[in-house]
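Reviewing the structure listed below.
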Amino acid sequence: MKSPPFEYVRARSVDEACELLSSHGEGAKLIAGGQSLVPMMAFRLLRPSWLIDINEIAALRFVDARPDTVRIGAATRQCVLAKDDALARRLPLMRQALAWVGHVQTRNRGTIGGSLVHADPSAELPLAAQVLGAEMTLRKKAARRAVAADRFFAGPMMTAIEPNECLEEIHWPVWREARVGSAFFEVSRRHGDFAIVGAAAQVAVDDSGRCTRAAFGIGGAGPAPLAFPKLAARLVGTSLDADAVQSVVHDAAAELEPGTDTHATAAYRRHLARVLAARVLRSAYETARSTS
Amino acid sequence: MNPAEKLYSVTVEVNGVRRTGQVPARTSLVDWLREDQRLTGTHIGCEHGICGACSVMLDGEPVRSCLMYAVQADGHKVTTVEGLANPDGSLSVLQDSFCEAHGLQCGYCTPGMLIAAQALLNQNRQPSEEQIRDAIGGNLCRCTGYQQIVEAVQLAARRLAAGAK
């Protein structure tokens, strides 16, 4: 369980990290928290020739919470985000998702960007990014481009990031309605383990309790987490009654491509997807309705 | 270690003492602590971030030392289980509470449990049972069933509240 040999360099700025990525070629990888990368190297699933450490780049660690958008630096640690009350007010789903991410020791080291670029199909932060429609700012030398979550996650451990490109920051849209609720649930063998299936939702309601906007998604039941904007739109105008929710989650589960492995069968994953999606939608709705 | 491997200089403040060394980049922090610095209190379990036996504090926060390379700790402060005892070498309140409440049997997970629990008590002097269970949730114990460990942390919290040192 020892990592294969590699060479190491600390980048002091994003510019330098980009420069090092292109000069060291295909075998170079960025390391931030290392909570996924180091185990993969210990298992020798990965053998990078160079690790470029971005942990000391202060410019990649920030939370800029504005009324309509929250900007988060890619190397911001998960523990910092989980403790940030101002962030939790604007993006309640963030704290709810982080509560399921690993353990204290891994959240102290793990970063938001690392979790997104690792793109594990059952990971919580990619699912939250899908549900809220987050946008990744990717950087290649001086060039920047923005990629929305629905085009960013390409498959298991695959993203739209190109060689020599890095994730610099993530923009999260804030829902500005007065009554907004969100929820995140998952099923795993033990708390902190990888989810078998997870689901997340956010719902806004008007004063009479009618849904004015809804979003939900499911992770762990296909090659990448999925959001269902068209199905969620069918909930607008309803009170998320049982029939409306069941119809939507049934159709969502039909779109999934779950696999069978030692942890669960495809049929069980599809069942969990329906149950958990209904649960997060109802819970988010109840929270939104009780918000004054 | 492959003799041709490039070596990197590291300087880490471990338990208040500045320690330096030369390591290949792939040496994990826990291997450096145990093998080069002979601080064998930190245990190695799974070596891929699951069991928590290797927990140490990095700049005061608990982390898994098998998921960090020693070169990454350069310039930082590390606290290992050896750093938890009182300056005169006597057991800390938490360590003594583990003995008192029978919070260990084989002892393999104990260094990691102590680090996780001490990090909790440093930030929260009166943790609830749920907060204790959350704080040690990343540490596996195959002997105790966890109940006595939770009781040990509760006992330590009570003793600390009563002014024990």
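Protein chains in written order, with the working numbering: chain A, 73 to 364; chain B, 1049 to 1213. The C-beta atom is built at its ideal place from N, Cα and C for all residues, glycine as well.
So A/Asp125 contacts chain B; which residues on that side make the cut at Cβ distance below 7 Å? Gln1120
Using beta-carbon positions only, say whether A/Val142 and A/Leu165 come within less than 8 Å of one another. no
Buried or exposed: where does A/Val308 fall if 16 or more other Cβ atoms within 10 Å of its Cβ makes it buried? exposed
Would you list the residues sitting across from B/Ser1057 in a DSSP beta bridge? Note: B/Ser1057 sits in a beta bridge opposite B/Gln1070.
Is B/Glu1095 helix, strand or coil when you go by DSSP? coil
Would you check if there are 3 or more beta carbon pairs closer than 8 Å linking the region 251 to 262 of chain A to the region 124 to 140 of chain A? no
Beta-carbon spacing of A/Ala299, A/Asp192 below 8 Å: no
Rounded C-alpha distance that separates B/Cys1114 from B/Cys1102: 6 Å
Which chain B residues sit within Cβ distance under 9 Å of A/Pro76? Arg1074
Determine whether the Cβ of A/Arg181 lies closer than 8 Å to any Cβ atom of chain B. yes
Spatially closest choice to A/Arg248 from A/Pro139, A/Glu128 and A/Val110, by CA coordinates: A/Pro139
Can A/Asp125 and A/Ile103 be called in contact, C-beta distance under 8 Å? yes
Sorted by chain position, which residues of the same chain lie with C-beta nearer than 7 Å to B/Gln1174's C-beta, five sequence neighbours on each side aside? Ala1205 and Ala1209
Where A/Gly227 falls, given that 16 or more other Cβ within 10 Å makes a residue buried: exposed
What residues in its chain sit with their C-beta under 7 Å from that of A/Arg167, if we drop five residues either side in the sequence? Ala154 and Ala160
Can you find a CB in chain A that lies within less than 8 Å of the CB of B/Met1161? B/Met1161 does not count as touching chain A.
So, is the C-beta of A/Tyr80 closer than 8 Å to a C-beta in chain B? yes
Counting only C-beta atoms, is B/Ser1138 closer than 8 Å to chain A at any point? no
Who are the Cβ neighbours of A/Arg351 in its own chain at under 8 Å, not counting the five residues just before and after it? So the qualifying residues of the chain are Ala255, Phe257 and Ala271.
Determine, using beta carbons only, whether B/Glu1061 comes closer than 8 Å to chain A. no
Can you give the beta carbon distance from A/Thr178 to B/Gly1137, rounded, assuming they're within the 8 Å contact cut? 32 Å between Cβ atoms; not a contact.
If you measure beta-carbon to beta-carbon, which residues of the region 154 to 177 of chain A are closer than 8 Å to chain B? Gly174, His175, Val176 and Gln177
A/Ala324 beta carbon less than 8 Å from that of A/Leu303: yes
Identity of the residue in A/Thr183, A/Lys74 and A/Arg346 nearest A/Arg119 by Cα: A/Lys74
Selected residue, minimal CA-CA separation from A/Gly174, among A/Ala218, A/Ala195 and A/Phe115: Of the candidates A/Ala218, A/Ala195 and A/Phe115, A/Ala195 places its Cα closest to the Cα of A/Gly174.
Tell me which same chain residues have a C-beta within less than 7 Å of the C-beta of B/Gln1153, skipping the five on either side of it? Cys1191 and Thr1192
Are A/Arg346 and A/His322 closer than 8 Å when you measure CB to CB? yes
Can A/Leu239 and A/Ala146 be called in contact, C-beta distance under 8 Å? Taking the C-beta atoms as reference points, A/Ala146 is found nearer than 8 Å to A/Leu239.
Going by the CB atoms, is the gap between A/Leu197 and A/Leu188 shorter than 8 Å? yes
Hey, how far is the Cα of A/Met112 from the Cα of A/Asp279? 50 Å
By the 8 Å beta-carbon criterion, what residues does the region 251 to 267 of chain A contribute toward chain B? If the cut-off is 8 Å between Cβ atoms, the region 251 to 267 of chain A has His263 and Gly264 near chain B.
With burial defined as no fewer than 16 other Cβ atoms inside 10 Å of the residue's Cβ, what is the status of A/Asp313: buried or exposed? The residue is exposed, with fewer than 16 neighbouring Cβ atoms inside 10 Å.
Helix, strand or coil for B/Trp1080 per DSSP? helix
With 16 other Cβ atoms within 10 Å as the buried cut-off, status of A/Cys90: buried
A/His190 beta carbon less than 8 Å from that of A/Ser319: A distance of 8 Å or more separates the beta carbons of A/Ser319 and A/His190.
Sufficient close CB pairs (3 or more, under 8 Å) joining the region 1133 to 1147 of chain B to the region 1084 to 1099 of chain B: no
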